[in-house]
Each structure stands twice: as structure tokens, then as C-alpha cells.
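Trainee:
2 protein chains.
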Amino acid sequence: MLIGRGDLNVPVPELTISEVARQVGLQASAIRYYERIGLLPRAPRMSGQRRYDTTALYRLAIIQRARQLGFTLTEIRHLFFGFRDITRASERWRTLSQRKLAELDDLMDGIKAVRGVLKKLMTKCRCDTLDQCGKGIFQSTNRDVVARPLPASPRHREKYAKNLRA
Amino acid sequence: MLIGRGDLNVPVPELTISEVARQVGLQASAIRYYERIGLLPRAPRMSGQRRYDTTALYRLAIIQRARQLGFTLTEIRHLFFGFRDITRASERWRTLSQRKLAELDDLMDGIKAVRGVLKKLMTKCRCDTLDQCGKGIFQSTNRDVVARPLPASPRHREKYAKNLRA
DNA sequence: CCTTGCCTTAAAGTCGACTTTAAGTTGTAG
DNA sequence: CTACAACTTAAAGTCGACTTTAAGGCAAGG
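Top line first, the protein sequences correspond to chains H and R.
Quick note on this note's numbering: the first sequence kicks off at 40 and runs consecutively.
Quick note on this note's numbering: the second sequence kicks off at 40 and runs consecutively.
(1) Could you tell me which residues DSSP puts in a beta bridge with Gln88 (chain R)?
(2) Does the Cβ-Cβ distance between Leu143 (chain H) and Ile115 (chain H) come in under 8 Å?
(3) Among R:Ala100, R:Asp124, R:Gln88 and R:Gly109, which has the Cα closest to the Cα of Ile206 (chain R)?
(4) For Pro52 (chain R) and Ile125 (chain R), I'd like the C-alpha separation in whole angstroms.
(5) Taking all protein chains shown into account, do 16 or more other C-beta atoms lie within 10 angstroms of the C-beta of Arg165 (chain H), making it buried, or fewer, making it exposed?
(6) To the nearest angstrom, how far is the alpha carbon of Leu54 (chain R) from that of Tyr91 (chain R)?
(7) Compare the C-alpha of Gln178 (chain R) against each of H:Thr94, H:Thr162, H:Gln66 and H:Ser179 and name the closest.
(8) For Val184 (chain H), I'd like the list of residues in its chain whose CB is within less than 6 Å of its CB, leaving aside the five on either flank, ordered along the chain.
(9) For the ligand GDP, is there a heavy atom less than 7 Å away from the beta-carbon of Gly109 (chain R)?
(10) Restricting to Cα atoms, I'd like to know which of H:Thr134, H:Gln107, H:Ala67 and H:Arg104 is closest to Met161 (chain R).
(11) Determine the chain R residues that contact Ala100 (chain H) at a beta-carbon separation under 7 Å, and present them in chain order.
(12) Count the other C-beta atoms from every protein chain shown that fall within 10 angstroms of the C-beta of Gly18 (chain H), then say buried if there are 16 or more, exposed otherwise.
(13) With a cut-off of 8 Å on the beta carbons, I'd call Glu74 (chain R) and Ala67 (chain R) a contact; round off their distance for me.
(14) Could you check where the alpha helix (DSSP H) with Tyr199 (chain H) kicks off and where it finishes?
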């Protein structure tokens, strides 16, 4: 049965930014930030103030979840806008997830290597002084490190806290 | 047999900063930075320019190695200055390493959790649209997330590249 | 009318570990 | 003398993801 104009069940923007922030567990400033960088569409204003509907909550939920999974805002932007419109959400996730899994595997390998060296250091180091220690390190790293031209110091990587229950 | 004053086999500062940088695989600016923040002692100057002896190389070797193991400059400062003078190098390393190992274990747990969720996401998500997806996420996170007061977004953690051979 | 509380904006600050820049100095070679 | 390379300094810039600050707007309540 048809209903005349109006009420097409379109969500009405009625939430304030702090209400949204509370519901998704973000600070209002973060939401404004996401809007600024184009991750969220410009929210309509009521006498200057942003109003949100439930779809904004869903968008933010995705951003939140993606952040928990270690995606950068750039990657999340890709999730939203980096595919042809017809590409299904599940496929978008699959593409991004595959990349991220590979990254995580690399990261784990790195961590395992570090763990190994730390354990060896703990059990095997008998140095009295750091100078002694440093001399040993210097001479051994000379073998494989000094040869390389300019290693270009490793930059920022991801962070993975325990915000996700195992 | 005693030798008169001089030549007590004390290392003579003769290396320029760029020579040191080359030998330890750092940029000169990084070495200046370490001096500025007090991680390295102020190098003696010859007509205004820094000169280094081999002990500087050892210090830098330690810094380099510690950085590769994921220690922050603050932690390295602790390694150098955070113990009573008599504390042996090996014990200093053990103390720091233990802390770092615990940190790494936490980090690994976090990563494993994320990996699990990513894999589930890849195989289980059937969403056509991101809105659909977001709605699901929003409703499920509402159960365990919205309840918490203010999660205080997780900040910067470490980075672990593959600069260490496994 | 005034206060209160929530909102707005642009701009600057934060964190860590450096790098880059601008302006100047020193020693050496031609 | 000039050029050049290599050094010096303090200050500012970089990256990412925000937060904080300063200054102001707008509606409701007393």
C-alpha cells in the first residue's frame, strides 16, 4: 500500500555529535577529524551544528572496527572509495584483509626474530661493562652491516594492542 | 715497565662524525641528535668539529642494536644511566629484555587476535554493502563496547621490521 | 539579561625519532 | 682570492591520528 510523499523510511538526522561519539565510543573531535579528511561525508547542520542519522553510526562502526584490525585511515579510505561502486563489501574486505594478513605475517616474523635475540641476550651475555658489550656488537655487526651502503632507517609500523578479545 | 706521561693507551679521538656515521650505519644527524638528547656524551671538538674515538663506536653499536630489538631511546637511556654504576651490563640487559619480552608477548597476542578476526572476515563476510556490514558491526560491538566508559584510544606502539635476520 | 552547556572553526600542539633547512665556520686546493 | 667540501647551530618540518586551544555562536532556563 502506497503512502503519499514523506516517510519513505529514510533515516532522519537527529543525533548530535556527542551522542554519536558516545554511541560509537569515540571522541567528538575524532569524528570532526574524519569529516575533515573526507572519511565521513559532510554532516548536515542544524543552526550550525552537525546532525547524524544511523547510517553515520554504521560508517563509524566500520572505521572503528577497521582501526582495531590495524588498518590506517588511508586504507580505510581505500575501503570506502578505492573500488568500483559495484564492488561488494565482502570483496573489498577480502582485498584489504589479504594485504594486511601478509603484513602481519611479516611483522610476526620480525617479532619472533627479536624475541630470539632477546632471549639469547638474556641467557648468554656475560659482559661486565657496556663498552665491552658494545665492542662485541660492533665487531660482529661490522660483518653484515657495514657492508651495506645506506640502510635507510626503518620507519613507523603498525600498532596492535589488545583491544580485540582473543 | 713504566712509561713517562702520555700514551696510556687511551683511545685518541680522531674520527669525524661522518666517518663514525658510515661505520655504524647511521646518519650524522642521528648522532648529533643522540648527543643533543644526552644519549651520547658531548664529543670533544677540534676547531668546532666533533671528534670520536672507538668507544663512541661501541656506544653507538649498542644503541643501534637496542633499537633493532625494539627499545625506545628512553629505554636505552635507562640501559645507560638507569642503574647503579656497579650494575653489570649483562644484568642491565636482562632487566630490560625481560620487560621487552613481556611487551612482545602482549603484542603477539594482539596480532594473533587480529589475524583471527581478519581471516574470519575474509571467509565469513557476505555483505553486499558497507552499510549492511556496518550495521552488523555496530549492533554486535554495542554489546561489549558501548558499555565501557572511555576506552582511551590505543597510542603508538613499537615497530618490528625485518632488520634482524631470523 | 545573563549564565550554562553544547556546539562551531582554524590553528597549533602531541608523541618519537629523526631529517631538513638556513645560515654560518673551517680547512684545503687551485 | 675563490671555491669547495665538510662541518657547525638552532629551528622547523615529517609522519599519523588525533587532541587541545582560543575565540566565538546559539538555545534554553532562571
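Every residue, glycine too, gets a C-beta built ideally from N, C-alpha and C.
Mentor: On the basis of the supplied data:
(1) R:Met85
(2) no
(3) The structure shown does not extend to residue 206 (chain R), since chain R spans only 40 to 205, so no value can be given for it.
(4) 26 Å
(5) exposed
(6) In a straight line, the C-alpha of Leu54 (chain R) is about 5 Å away from that of Tyr91 (chain R).
(7) Ranking H:Thr94, H:Thr162, H:Gln66 and H:Ser179 by Cα distance to Gln178 (chain R) puts H:Thr94 first.
(8) Residue placement at Val184 (chain H) is poorly supported in this model, since its pLDDT is 44, which falls under 50; the coordinates are not used for a value here.
(9) With respect to the ligand GDP, the structure offers nothing, as it holds no ligand at all.
(10) H:Thr134
(11) Gly173, Ile176, Phe177 and Thr180
(12) Only positions 40 to 205 of chain H appear in the structure, and residue 18 (chain H) is not among them; the question remains open.
(13) Actually they do not touch by this definition, with Cβ atoms about 11 Å apart.
(14) Counting along the chain, Tyr199 (chain H) falls outside any alpha helix (DSSP H), and DSSP gives it neither H nor E.
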